[in-house]
Amino acid sequence: MKISTKGRYGLTIMMALARKHGSGPTSLKSIARDHNLSEHYLEQLIAPLRNASLVKSVRGAYGGYMLSKEPAEITAGDIIRVLEGPISPVEVLDDEEPAKRDLWLKIRDAVKDVLDSTTLDYLAEYQGDEEQENYMFYI
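To convert a position in the sequence shown, counted from 1, into the numbering used here, add 12.
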């Protein structure tokens, strides 16, 4: 499973809104500027997030978007499912050997568990270890 730019930028939008939670609406223009992203692309991503009731829009000169729930109530899994679809790194086939089928289900469940236990609040407040090496995993 590979998360596309839809999922990545969607998380960026939501983390930016979580950091500003309680301060009123935030414009997509400011998020695009702060993260060096296309405002037009962010506009395409915000619609499904709004339709899923994860964000709400505020019209007017000082309008923008804000989270519709507390950041601790929204998970990475909620966001990824809206933008990427169902979480399934491997297609499980009915006629597959039981051992392999069990492995694919364990992988799927592990990915779901990580995404569903990681809150937007955690992501927005994460400081991290700057010396951590970057690893690339392909599943």
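Ideal Cβ placement from N, Cα and C applies to all residues, glycine included.
Source: prediction; values computed, not measured.
Item                                                                                                                         : Value
Since L54 contacts L40 with CB under 8 Å, what's their CB separation in whole angstroms?                                     : 5 Å
Inspect the CB distances between the segment 26–43 and the segment 73–84 and report whether three or more fall short of 8 Å. : yes
Could you tell me whether the Cβ atoms of M27 and A122 are closer together than 9 Å?                                         : no
Where do the N-terminal and C-terminal ends of the alpha helix (DSSP H) with S12 fall, by residue?                           : Only positions 13 to 151 of the chain appear in this structure, which leaves residue 12 out of reach.
Counting along the chain, where does the alpha helix (DSSP H) carrying V123 start and finish?                                : 110–129
What separation, rounded to the nearest whole angstrom, lies between the Cα atoms of G75 and P101?                           : 38 Å
Do L23 and P60 have their beta-carbon atoms positioned less than 9 Å apart in this structure?                                : no
Which one of V104, L127, D125, K124 has the shortest CA to CA distance from W116?                                            : V104
Would you call G19 buried or exposed, if buried means 16 or more other Cβ atoms sit within 10 Å of its Cβ?                   : buried
From which residue to which residue does the beta strand (DSSP E) around L79 run?                                            : 76–79
Measuring alpha carbon to alpha carbon, tell me which of I99, Y77, E109 ends up nearest I58.                                 : Y77
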